[in-house]
Structure formats: C-alpha cells, structure tokens
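Okay, structure first, notes after.
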Amino acid sequence: MTATRTQRRSAAIRAQIVDAAEAILAEHGTEGLTMEAVSAHADVAVQTVYNRVGGRSALLVAVAERTLEQNRDYLESVVAEPGLTAWERIEAIGFAYARFAQTWPEQFRLLVDPPSEPEALAPIERLIANQLATLAGLITEGIADGTINPALEPETTAKALWAMATGVFALAIRTDRLQAGADEIAALVSMSRALLQDGMRQASTDAKAL
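Under my numbering, the first residue of the sequence shown carries the number 11, and numbering increases by one thereafter.
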C-alpha cells in the first residue's frame, strides 16, 4: 500500500531525528545524548522527538537498530557469496561483527547493555534472532559436509558463539590495558574454528587408533 503524504512526512521527520541522535552519539557518546541536544540538532521540538521516536532509551535503540540493519545487509551478502564453505562464512561473519564493534562502539555497547524499553527493543531482538538463525543454519551445513563437530547442537552453539564474540569484541572498544588490537581480535575469532572442529580432530584420532 502506498504511503500517504502525512505518513511520508512522519517517516522523514523520524529519520531526521535518528540521524541527529546518531551524529550526537558518534561525537559525544551516550552521555551527550539528551532530548534537548537531539531536538536542537534535528531542528524540531522536543515533543516532536517524543512523538516520532520516544524517550532517550528509544532514541538509543533506534540508532542501534539502524546500525544492526546495515550490518545485517553486509552479513547477508557474505552468506550469499558463492564458493565459500560453511566455516568460511561463519568466519566472515565473525570478522564483520568485529568491524561493527570497532566502527560503531557506542551502538555495540547498546547491544551489550541495552536500555530497558521492551517495545523499542523488540526490533533489535528480532534482528539478533535472525542472525542467530543464520549462524545455526551454517553450523548445520558444516556438520552435514563434515567440517564441524557433529556432536554440537546448532542453535545452542550459535548462541554460544554469539555470546563469546560479544565478549571478545567488547575488548576492542575498551580504553584500558585490556583493549585488544586487530591482530589479537583476529586470533580470537580464528580460535572459534578450533572450538567448532575439536570433535572432528578427536574423531579422526580415534579412527586412526582402531
């Protein structure tokens, strides 16, 4: 159904507000994101910000949701790339997630510690659920082609990998001595290969011993 002029204008104003929130977040971090700052940057009334997006928590989630959608588009292109094995796609997703954390640290922090706003969080939860389903599908594919430990349960393994990656990439955006550089992040991402394939190596060793 074609959107009405009013609906198009409402969507445009909402996008303008989220643009403003994104710019403020990038320059000043979450502490600089106030309703007044977003209102001034977007050149709209504070009440318009509330009406089109919501309060501060909703603004934070709207920015994170937009960034996740951009990251999802990239991940989908990786998954669809021909000629890659299931593992190579999983590894590519890991590196893409690392770039996401390093490029948009404030948005990444929102995923690690999201604001308490159930209605606003629902779209982000759906995006993450879709990514977990994609990862589980790739693990299933790897089990089928013999490159991933068949003892693993795909859905549980996908969630474990996502949780591990979230913790690992949080190291990339730290500002103390625990901060991990690009080489260390690459090594930690590659470590997941050993975790996924450990059972395959053990099975091969057992078979040779027979």
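No residue lacks a Cβ here, since even glycine has one placed at the ideal position from N, Cα and C.
query	result
Quick one: any contact between the region 56 to 63 and the region 108 to 124, if contact means 3 or more CB pairs under 8 Å?	no
Just to confirm before moving on: does the CB-CB distance between Val28 and Ala72 stay below 9 Å?	yes
Rounding to the nearest angstrom, what Cα-Cα distance links Phe179 and Leu198 in this structure?	9 Å
At the level of alpha carbons, what is the spacing between Leu206 and Ala173?	15 Å
Output the distance between the C-alpha atoms of Glu8 and Ala47, rounded to the nearest integer angstrom.	In the structure as shown, the chain starts at 11 and stops at 220, and residue 8 therefore has no counterpart that could be examined.
By the three-class DSSP mapping on this structure, what secondary structure does Asn81 have?	helix
Count the CB pairs spanning the region 150 to 157 and the region 90 to 99 that are closer than 8 Å, and state whether there are at least three.	yes
What residue from Ile138, Ala31, Asn81 has the CA that sits closest to Gly65's CA?	Ala31
Which class does Ala97 belong to by DSSP, given the choice of helix, strand or coil?	Correcting the residue type first, residue 97 is Trp in the shown sequence and not Ala. In this structure, Trp97 counts as helix in the three-state DSSP scheme.
Quick check on the burial criterion: 16 or more other C-beta atoms within 10 angstroms. Buried or exposed for Glu194?	exposed
Terminal residues of the continuous alpha helix (DSSP H) containing Gln26?	15 to 38
Can Ala102 be considered in contact with the ligand ZN, in the sense that its beta carbon sits closer than 8 Å to one or more heavy atoms?	In the structure shown, the ligand ZN is absent, as is every other ligand, since no ligand is present at all.
Kindly list the residues whose CB is nearer than 6 Å to the CB of Pro160, restricted to its own chain and excluding five residues on each side of it in sequence; keep chain order.	Ile153
To the nearest angstrom, report how far apart Arg187 and Arg19 are at their CA atoms.	48 Å
Helix, strand or coil: how does DSSP classify Ala106 here?	helix
Given Ala146, which residues of its chain have a CB within under 6 Å of its CB, disregarding the five upstream and five downstream residues?	Pro164, Glu165, Ala168
Could you give the DSSP three-state label for Ala161: helix, strand or coil?	coil
What's the call for Arg136, buried or exposed, on a 16-neighbour Cβ count within 10 Å?	exposed
How long is the line joining the alpha carbons of Ala190 and Ala111, rounded to whole angstroms?	12 Å
Once the 5 residues before and after Ala103 are set aside, which same chain residues still bring their CB inside 7 Å of it?	According to the sequence displayed, residue 103 carries Ile and not Ala. Hits under 7 Å: Leu85, Val88, Leu145.
With a threshold of 16 other CB atoms inside 10 Å of the CB of Thr215, please say whether the residue is buried or exposed.	Its pLDDT being 44, under 50, Thr215 is placed unreliably in this model, and the value from its coordinates should be taken loosely. When all chains shown are included, Thr215 counts as exposed.
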